[in-house]
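Worksheet: one structure, shown below.
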Amino acid sequence: MDTDNRNAPEDKPVQRSKSFSFKTPREVCSSCEKTVYPMERLVANNLIFHSACFCCKHCNTKLSLGTFAALSGDFYCKPHFQQLFKSKGNYDEGFGRKQHKELWTSKEGENITKTA
């Protein structure tokens, strides 16, 4: 009788470890909305960018973590951030938004008409 079991089929299939996986959550660039891979990943204000997509809104110059200023989700190079702020003397008008004080005057006007 031959007692060699080397060629006999086994009852259990071989199980491989599933604890190690290369699958990571897919990260998307906030600017171009394409996949960002780890080597080109840059995080600013909790937003993920390609290093090439992280640019000034005003002049489109490539920014780095040390050369940007952010306001309301927009990123600017420091020279343009200062220039836009100085042009009107406040953050709202310089960056193309309604002045915040206009919101106050419209609310005051509503209160006057309600009480009259």
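Numbered according to the UniProt record's numbering, the sequence shown spans residues 1 to 116. From the three backbone atoms N, C-alpha and C, an ideal C-beta is built for every residue, glycine too.
- Leaving aside the five residues that flank C56 on each side, the residues in its chain whose CB is nearer than 7 Å to its CB run, in chain order, L63, F75, Y76, C77 and H80.
- Counting only the Cα atoms, Q83 lies some 22 Å from C53.
- Of the candidates N60, L47, K86 and E27, L47 places its Cα closest to the Cα of G73.
- F85 sits in a helix when the DSSP states are folded into three classes.
- Residue pairing by DSSP places C55 opposite K62 in a beta bridge.
- For R41, DSSP records a beta bridge to H50.
- Our two residues, N45 and K86, have alpha carbons roughly 24 Å apart in a direct line.
- Looking at the DSSP output, T35 sits in a beta bridge with V28.
- By the 16-neighbour rule on beta-carbons within 10 angstroms, V43 is exposed.
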